[in-house]
Amino acid sequence: MTMAVRNTNMSDAKAIPTIATKAVVLPFVPPKSQTGARIRQMAINIATAVVPPLITVALILIVWQILCARPGATLPAPSVVWAEANDLIVSPFFNFGSQDIGLGWRVLVSLQRVLVGFGLAAVVGIMLGTLVGQSVWAMRGLDPVFQVLRTVPPLAWLPIALAAFRDSQPSAIFVIFITSIWPVIINTAVGIRNIPQDYRNVALVLRLNAFEYFAKIMVPAAAPYIFTGLRIGIGLSWLAIVAAEMLTGGVGIGFFIWDAWNSSRLPDIVVALIYIGVVGFMLDRLVSLIGRLATRGVAVN
Amino acid sequence: MNRPYLKIDQVSKVFNRGSMSTEVLKDISLDIERGEFVSIIGHSGCGKSTLLNIIAGLTPATIGGILLEDREVNSPGPDRAVVFQNHSLLPWLTVYDNVRLAVDKVFGRQKSRAERHAWTMHNLDLVQMGHAADKRPSEVSGGMKQRVGIARALAMEPKVLLLDEPFGALDALTRAHLQDSVMQIHATLGNTVIMITHDVDEAVLLSDRIVMMTNGPSARVGEVLTVPLARPRKRLELVTNATYTKSRESVLKFLYERHQFVEAA
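First to last, the protein sequences are chains A and B. Numbering follows our numbering, in which position 191 of the first sequence is assigned residue number 241; successive positions increment by one, without gaps. Numbering follows our numbering, in which position 251 of the second sequence is assigned residue number 267; successive positions increment by one, without gaps.
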């Protein structure tokens, strides 16, 4: 390094000596400004992600406050929600007896139902989707039935489920199951049908048996599609659980909204809506994250 | 009577699409000896890939069949390993696991775990890819992917190695490197190789015999040229070699004078 500097010094010394002195100073400057620039860049990145939604939320709150603070307004203003439902917002996990519990507990109960219903839908859906994607005859026979059944709204299944199970708990789980299974089946089938012929040829040359083919080629190759189906499915099941719980009762977040409506606690309903939204968002992100981790490298070919 | 190692016996292939039927290959017969390197050359669309798929067992022949060591083969298997044109590596597996999958499947019973690991690494080293064993296919270049494809095929210890335009998607320099590697491997291991190509220089450089196919439909074997060049062959020395030039010329004449490619309108 010093050699190089000295060399340029010697060659440039007669012509422009000042440049050489500058060249010695320069190496000391960049490291400081680099870390500084990196921190600034990070701050800018965070700000560009966080500031716009904060502004939006603030604007919504302001407009809402103005609209609902007038005399004769039918809905509670944000200030009223904060004042009346303070305990629900501040402490999600209080427990004062059977129906007087925090929203966190209620969300957990609803999530448990979703987990069971959606878990079943994922397993059965991937298996049926594999069958439909793999066999032309299964597709011809099953696909029309699936296409008709998937358009049935979740709540339309509830009376049938109640009649069959004679209990609200399995009925709610069944509604989750039947709501979220269709996108899983359909996406899995598309994923399986789209496995490139090259991978099938590799499996043929290697003489993989049915199980090895399923585990080593089919599932990884179709994984991006399967996870798209799972992501749509979990969104739908979160939509369905609230409606189902409104009708079946119990402890879940859906029943809480119905109960609050019956006892005219509108601020509580507003808080519950925000809970549902945030949890739904987190579920979506969770499945998407698992999908990204599980399908690393598959999308890029 | 001396029977050939691999016999392609009067193979014809007709594709039926609805009421339309197209005869792609007509009456192809070819005997290939053990350790021979045979190239199949022809214009695109002449059915050379179909012929390779029939030998591999991926496509059934309409008439005729393939005999390997006197036994008919009509389903795919690791004794006829294929190096596919677009490498066909499984993108969710590392370079090592792609080869290991083949090794485990073919030698799962005969070799111990440690032996299979050693054999996988041996084959990766053979194509100079041992250094990238833990990378995923998306992280290595096109030429490297094809090297791994070759390693995977070699690792099956095939009786016949089938190369389906293996260097078609590569740039000229990478292609030359890979051709040298294939020549070296062929010299070391003495594999029987059938290669599909549309590159005249590649065919002459690598092959013992060049099978020239006429234009489809109903493509036949037009001519078979023996390349009497001694091995090892050196790319640079061959440029001025009279035999090389003559072989090259006769293939070119076949392709561009007698069986000129007619563009389908």
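Idealized CB from N, CA, C, for every residue including glycine.
Contact set between residue i and chain B, taken where Cβ atoms lie within less than 9 Å
i        : result
A/Pro274 : Here the premise fails: no neighbours, minimum Cβ distance about 10 Å.
A/Tyr263 : Under the 9 Å cutoff, chain B gives no residues; its nearest Cβ is about 11 Å from A/Tyr263.
A/Asn237 : Chain B residues near A/Asn237: none, gap ~18 Å exceeds 9 Å.
A/Asn251 : Asn69, Ala72, Leu74, Pro92, Val98, Phe100 and Ser104
A/Leu316 : Those do not exist, as A/Leu316 stays about 51 Å from chain B at its closest Cβ, beyond 9 Å.
A/Pro270 : Leu106, Pro107, Trp108 and Leu109
Residue i: contacting residues in chain B (beta-carbon distance under 8 Å)
i        : result
A/Leu258 : Lys121
A/Asp248 : Phe100, Asn102 and Ser104
Residue environment, residue i, which counts as buried when at least 16 other CB atoms sit within 10 Å
i        : result
A/Thr71  : Only weak support is given to the placement of A/Thr71: the predicted model assigns it a pLDDT of 48, under 50, and the question is left unresolved by the model.
A/Val74  : Because the pLDDT at A/Val74 is just 49, under 50, the model does not fix this residue reliably, and the point stays unresolved.
A/Ser185 : exposed
A/Ser230 : buried
A/Lys266 : buried
A/Val318 : Just to set this straight, residue 318 of chain A is Asp in the shown sequence, not Val. So A/Asp318 counts as buried.
A/Val100 : exposed
A/Ile94  : exposed
B/Phe100 : buried
B/Asn231 : buried
B/His202 : buried
B/Glu181 : buried
B/Met36  : exposed
A/Gly327 : exposed
B/Glu273 : exposed
A/Ala63  : Here A/Ala63 scores only 45 on pLDDT, less than 50, and its place in the model should not be relied on; the value that follows carries that caveat. With fewer than 16 other Cβ atoms within 10 Å, it is exposed.
A/Trp311 : exposed
A/Arg335 : exposed
Sequence-distant residues of its chain with Cβ nearer than 8 Å to residue i (five each side left out)
i        : result
B/Asn114 : Leu105, Leu106, Pro153, Val164 and Arg168
A/Val321 : Val131, Ala135, Leu138, Ile139 and Leu153
A/Pro126 : Cys118, Glu134, Leu316, Pro317 and Val320
B/Arg264 : Val216, Asp217 and Val220
A/Ser129 : Gln115 and Ala119
Contact set for residue i: own chain, Cβ-Cβ below 7 Å, skip 5 residues either direction
i        : result
A/Val301 : Arg156 and Val159
A/Val182 : Ala188, Met189, Leu192, Asp193, Ile235 and Ala239
A/Thr298 : Ser218, Ser221 and Ala222
A/Ala54  : With a pLDDT of 45 at A/Ala54, under the threshold of 50, the modelled position of this residue cannot be trusted; read the value that follows with caution. Hits under 7 Å: none found.
A/Val225 : Pro204, Trp207, Leu208, Ala211, Ala290 and Ala294
A/Ser141 : Gly152
B/Phe270 : Met228, Gly238 and Glu239
A/Leu333 : Ile284 and Trp288
A/Asn57  : Low local confidence applies: a pLDDT of 47 at A/Asn57 is under 50, so the model's placement there is unreliable, and no value is given.
Amino acids of chain A, ordered along the chain, whose beta-carbon sits closer than 9 Å to that of residue i
i        : result
B/Pro248 : In chain order: nothing, as chain A lies at least about 30 Å away.
Contact set for residue i: own chain, Cβ-Cβ below 6 Å, skip 5 residues either direction
i        : result
B/Gly206 : Gly51
A/Phe144 : Gly152
A/Leu286 : Thr229 and Ser230
A/Phe306 : Arg156 and Ala322
Neighbour list for residue i in chain B, Cβ cutoff strictly below 7 Å
i        : result
A/Leu254 : Leu74 and Pro92
Residue i at chain D interface by Cβ criterion, 7 Å
i        : result
B/Asn257 : Looking for chain D here will not work: the only protein chains present are A and B.
At a CB distance below 7 Å, what residues from the segment 169 to 193 of chain A approach chain B? Give them in sequence order. The segment 169 to 193 of chain A vs chain B, Cβ under 7 Å: nothing.
Across the segment 238 to 245 of chain B and the segment 65 to 81 of chain B, are there enough close Cβ pairs to call them in contact, namely three or more that are closer than 8 Å? A contact is defined here as three or more CB-CB pairs under 8 Å, and the segment 238 to 245 of chain B fails this definition with respect to the segment 65 to 81 of chain B.
Are at least three pairs of beta-carbons, each pair with one atom in the segment 43 to 59 of chain B and one in the segment 220 to 232 of chain B, less than 8 Å apart? Three or more Cβ pairs closer than 8 Å define a contact, and the segment 43 to 59 of chain B meets that threshold against the segment 220 to 232 of chain B.
With a threshold of 8 Å, are at least 3 pairs of Cβ atoms found where one atom belongs to the segment 213 to 232 of chain A and the other to the segment 294 to 311 of chain A? Touching, yes, given that three or more Cβ pairs across the two stretches are closer than 8 Å.
Positions along the segment 165 to 187 of chain B whose CB lies within less than 7 Å of some CB in chain A: Taking 7 Å as the Cβ-Cβ cut-off against chain A, none of the residues of the segment 165 to 187 of chain B qualify.
Residues within the segment 101 to 132 of chain B neighbouring chain A, beta-carbon criterion of under 7 Å: The residues in question are Asn102, Ser104, Leu106, Pro107, Trp108, Leu117, Ala118 and Lys121.
When you compare the segment 28 to 45 of chain B with the segment 323 to 333 of chain A, are there three or more beta-carbon pairs, one atom per stretch, that lie closer than 8 Å? The way I'd put it, the segment 28 to 45 of chain B doesn't touch the segment 323 to 333 of chain A; fewer than three beta-carbon pairs between them come closer than 8 Å.
Give me the subset of the segment 201 to 216 of chain A whose CB atoms are less than 8 Å from a CB atom of chain B, sorted by chain position. Of all residues in the segment 201 to 216 of chain A, none has a Cβ within less than 8 Å of some Cβ in chain B.
Contact between the segment 248 to 265 of chain A and the segment 196 to 204 of chain A is defined here as three or more beta-carbon pairs at a separation below 8 Å; is this criterion met? Judged by Cβ distances under 8 Å, the segment 248 to 265 of chain A makes no contact with the segment 196 to 204 of chain A, as fewer than three pairs qualify.
If contact is defined by three or more beta carbon pairs under 8 Å, each pair taking one atom from either stretch, is the segment 183 to 200 of chain B in contact with the segment 122 to 137 of chain B? A contact between stretches requires three or more CB pairs, one per stretch, nearer than 8 Å, and the segment 122 to 137 of chain B fails this requirement with the segment 183 to 200 of chain B.
Three or more beta-carbon pairs under 8 Å between the segment 332 to 342 of chain A and the segment 19 to 39 of chain B, yes or no? Too few Cβ pairs lie closer than 8 Å, so no.
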